[in-house]
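Chains as they are written, first to last, in our numbering: chain F, 80 to 601; chain Y, 1148 to 1702. Since the structure comes first, as structure tokens, the remarks are kept for the end.
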């Protein structure tokens, strides 16, 4: 039951095959069993059971609120949740309880979805591993799944791989079957990257399509709430609910977007043109990921789609340009954490200035402090033109690259999501956060520069038994098209469901896996 | 309102007294030397610039003054949040999540504030930018919760305007002198909260009620040269904002805050190094602060020193400006574009707005222009044309809070002509108001009561001198009516011709020499006899009648 898609479990709930409370309990149990993953910072058990109860009475009356009524979900801990701690995985907000909920969270709650808890991340979403959290790193559920264990045969506790990040907790929550959907945030790939490494569907909608109100910002001009599910159809269902203008977020688009889920049927792969950006053949791209990329490209070609090599010449500058823009906004956004109104406040209070500096020193980790420092440097009067303005100009060039390609008749771009499958934690920690972010975000980050929709779809397991994902990028506001193509891939590749090594205690796991939507490999 | 109007009243009408108000000497200490020097008043300098020469210098140093005005936008809610705006609410009772900078909150622009800025821009002859941008200005301060202020540094909503203002000049200070100052720009920005420092317990209390209230920052070019001009420009700005309803303009309540950029130079030379003077809470103090600062800088330069580019605070008690410690050193505000607000668009007409945008969300110039009310300059012109009064009178009527309404109410209720009424309002009413430091609204004599006095005079029931006497009586005992006072004190005209004849006869009989002189052809002496008759009747006899009788008796 836990490994079903939203569509399937929603049907099960309506047909009375399981009640929301039972489902909620199963998920809560599973959270406890997979506690070692460190996917959740806060588990909202009581609230979840209460919400499940309410959903149950609606379902019993035959009046569910919608497809998400009674469906357990998890939220990255940088989305505000009313009366529920929201920490951003930082000491700074360790005990912070917001008085309001983010628009996206509220929309899910309004649909009757059941909040299981708040998921772990890199502090303030700054990272690509979910390893830099004040609450410790997140472990990739696939580290404990049968394929990886069989391949590596090593000790459970020493050889685990990372989830990717920064929404690693959210990706792990969906991958480890503790929630049917989760919210991530995506600034440079933070939803798609862990989505790919954890073998789940990870959607980054068009900038402005989904409200950011209540999302504690990393880079306001690039942040987008991300959707993590087990199937593309589920992602579309959730996007239908989340998208649309929000008066509380002036950067949301004002016109009403079309609904997505009912429009999947008329898709014909022969009518589309898939672009393969040549610059994405980056040094360091693993042979296996490259093989998956070629495999799916070939699938398209064989199915009658047009597959074309395209060029995005400015992509190579994206990361360095991102660093300047990201760090400047970080420096600005983090200025509010001074210990006065909320959050950590240092006991040192000999003067206001001393209180500020010790509060911020104690509250932020090295990564955050480093970005604040460089961001303020970029914003200095004598540096602004050289760094910030230049970076903005390059950003426009990157966006124009995409525009030009899409105007030339390309419908979607197919790229890898990450360089390779997930790294071992011990290997990942050899490099500093900045180097890692630069490496990990290379395929995902330009999309945020241009504000485009993109989705990562798992396509296969690597030789090590770890997921590999590919990314589809579409023109602005063509989220529907991107999802349709993604669903086509999903149906063709036959990505295997997760199976746990020696997971005998979960009787339902083995027997119900077959229920999951699958199409055999072509 | 009352505080502000009293301050301005004092400024405009007691400028000659400023010598007394100013400390007659200042002591300036720096680098161990000390200069004592007489201070000029703004009045003398502003007027005498042209003719004054000094032996020591080929050309006189003159002041250069520019202003930065922060006008709190009169609106129900704040610039980027739905919190109420209120001056005396309990601390931190008008604070939304956004105002307290709770993480994840986003700014939502208040349309009313945009319209206020557009309307103000139009009234000040500005070019309204069809597209303007918001920026973040960073600095750490306890009453700035986000660590930055959202403002319009790069592309403000309005630019390149002019403010035409007047002040009373000339030897008798009764000539209207008209000048103008260029408005560089108007930008929308957030107000900060307030800090209250408790030195005793060494703690700071923060009130965020004001945090996020909409401000218009109006930047004036340095086109002024002294405190009086600056004060007059600010007063005109205040009147315009109040007429528009875009700002209540009370300086004492901080609705209008003025910082002055002051420097001195010799005409023709480049501008001198400027200082910024802050903490000015009235128009009068603005003039004091600027004139003090100009003098201070002149002293520094003439003693061979250099003026420091610094921020100085005005001390209302001493009338001095002193360096502000916490503003020392070069601030780098690390400006960057505000990423959460799309460009602010203003459209010429509804038809030019993009389709699909709700009309309620669009600011349209055409509509704002239609709503522009009568501006003070137009109002003065109208008063001159409608009532045939002098321009300087129209100036005073408009500049004094409530005075125009008072005047027009009297005119409506009396048979006396407007020019007669204006004399009473300017002399009798204003005289007593100033003497007792009252605002027009505090006048014990209502427009109706003054109209009654004038009507009694017009009807020939009392003489003009008695009318003034009744006015004084009524001021002291506001409960009564003019008629009551006339009756009680027997101030009515002596209409009994036998009685007037008797008194005239008595005066003629007792002044044979004067009568002789009149008969000898010196008709002027008749006036003396008339005065004696009036003295006898306590001014209650009709002078025309008295003259006729006296002429007859002395012929």
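Cβ atoms here follow ideal geometry from the backbone N, Cα and C, with glycine treated the same way. Quick caveat: nothing in here was measured; it's all calculated off a predicted structure.
Residue closest to residue i, alpha-carbon to alpha-carbon, out of the options
i                       : options                        : result
residue 1326 of chain Y : Y:1273, Y:1363, Y:1293, Y:1380 : Y:1380
residue 1530 of chain Y : Y:1517, Y:1512, Y:1551         : Y:1551
residue 1419 of chain Y : Y:1249, Y:1658, Y:1212, Y:1610 : Y:1212
residue 372 of chain F  : F:353, F:187, F:230            : F:353
residue 1571 of chain Y : Y:1557, Y:1371, Y:1257, Y:1628 : Y:1557
residue 167 of chain F  : F:452, F:214, F:151            : F:214
residue 1744 of chain Y : Y:1522, Y:1337, Y:1514         : Absent from the model: residue 1744 of chain Y. The displayed extent of chain Y is 1148 to 1702, so no value can be given.
residue 425 of chain F  : F:197, F:441, F:133, F:468     : F:441
residue 1217 of chain Y : Y:1395, Y:1310, Y:1405, Y:1280 : Y:1405
Cutoff 8 Å: residue i Cβ touching any chain F Cβ
i                       : result
residue 1258 of chain Y : no
residue 1289 of chain Y : yes
residue 1488 of chain Y : yes
residue 1509 of chain Y : no
residue 1261 of chain Y : no
residue 1351 of chain Y : yes
residue 1529 of chain Y : no
residue 1253 of chain Y : yes
residue 1174 of chain Y : Per-residue confidence for residue 1174 of chain Y stands at a pLDDT of 33, beneath the threshold of 50, marking its modelled position as unreliable; no derived number is given.
residue 1504 of chain Y : yes
residue 1483 of chain Y : yes
residue 1283 of chain Y : yes
C-beta neighbour in chain Y for residue i, strict 8 Å
i                      : result
residue 444 of chain F : no
residue 89 of chain F  : no
residue 80 of chain F  : no
residue 293 of chain F : yes
residue 420 of chain F : yes
residue 97 of chain F  : no
residue 435 of chain F : yes
residue 460 of chain F : yes
residue 514 of chain F : no
residue 299 of chain F : yes
residue 283 of chain F : no
Residues near residue i in its chain [Cβ-Cβ closer than 6 Å; skip 5 each side]
i                       : result
residue 569 of chain F  : 311, 536
residue 1228 of chain Y : 1243, 1245, 1246, 1359
residue 1278 of chain Y : 1490, 1492
residue 572 of chain F  : 538
residue 106 of chain F  : 151, 195, 257
7 Å Cβ shell around residue i - same chain, five flanking residues per side excluded
i                       : result
residue 1528 of chain Y : none
residue 346 of chain F  : 563, 567
residue 476 of chain F  : 393
Other residues of its chain near residue i: CB distance less than 8 Å, five sequence neighbours each side excluded
i                       : result
residue 241 of chain F  : 208, 209, 210, 216, 217, 218, 219, 247, 276, 501, 502, 503, 504, 507
residue 521 of chain F  : 361, 397, 398, 498
residue 1333 of chain Y : 1264, 1267, 1268, 1271, 1273, 1303, 1304, 1305, 1306, 1308, 1363, 1364, 1365, 1366
residue 1282 of chain Y : 1297, 1298, 1299, 1300, 1301, 1482, 1483, 1484, 1485
residue 1603 of chain Y : 1609, 1614, 1617, 1629, 1630, 1633
Note down, in chain order, all residues in the stretch 1216-1248 of chain Y with a beta-carbon under 7 Å from any beta-carbon belonging to chain F.
-> 1244, 1247, 1248
* Asked: Are there three or more Cβ pairs, one per stretch, closer than 8 Å when the stretch 461-481 of chain F is compared with the stretch 195-213 of chain F?
  -> no
Residues of the stretch 304-337 of chain F in Cβ contact with chain Y at a cutoff of 8 Å, in chain order, please. 326, 327, 328, 329, 330, 333, 334
Take every Cβ of the stretch 1663-1676 of chain Y, pair it with every Cβ of the stretch 1629-1649 of chain Y, and state whether three or more of those distances are shorter than 8 Å. no
Does the stretch 513-533 of chain F come into contact with the stretch 370-378 of chain F, if we say contact requires no fewer than three beta-carbon pairs (one atom in each stretch) closer than 8 Å?
no
> So does the stretch 477-489 of chain F actually touch the stretch 524-531 of chain F, counting three or more Cβ pairs closer than 8 Å?
Replying inline: yes
Take every Cβ of the stretch 159-175 of chain F, pair it with every Cβ of the stretch 415-424 of chain F, and state whether three or more of those distances are shorter than 8 Å.
yes
(Q) At a CB distance below 7 Å, what residues from the stretch 1289-1306 of chain Y approach chain F? Give them in sequence order. (A) 1289, 1292, 1293, 1294, 1295
Does the pairing of the stretch 400-412 of chain F with the stretch 294-303 of chain F give three or more beta-carbon distances under 8 Å? yes
At least three beta-carbon pairs within less than 8 Å, the stretch 1448-1457 of chain Y to the stretch 1432-1439 of chain Y: no
Original post:
Name the residues in the stretch 397-415 of chain F whose C-beta lies less than 7 Å from a C-beta of chain Y; which are they?
Top reply: Residues 407, 408, 411, 414, 415.
When the Cβ atoms of the stretch 1532-1541 of chain Y are set against those of the stretch 1511-1522 of chain Y, are three or more pairs found closer than 8 Å? no
Answer yes if the stretch 1336-1353 of chain Y comes into contact with the stretch 1313-1322 of chain Y, meaning at least three C-beta pairs across the two stretches below 8 Å, and no otherwise. Under the 8 Å Cβ criterion, the stretch 1313-1322 of chain Y does not count as touching the stretch 1336-1353 of chain Y, having fewer than three qualifying pairs.
Handout entry: the stretch 125-135 of chain F / the stretch 93-110 of chain F touching (three or more Cβ pairs under 8 Å)
Key = Counting Cβ pairs under 8 Å, three or more are found: they touch.
* Count the CB pairs spanning the stretch 1255-1263 of chain Y and the stretch 1396-1410 of chain Y that are closer than 8 Å, and state whether there are at least three. => The stretch 1255-1263 of chain Y is not in contact with the stretch 1396-1410 of chain Y.
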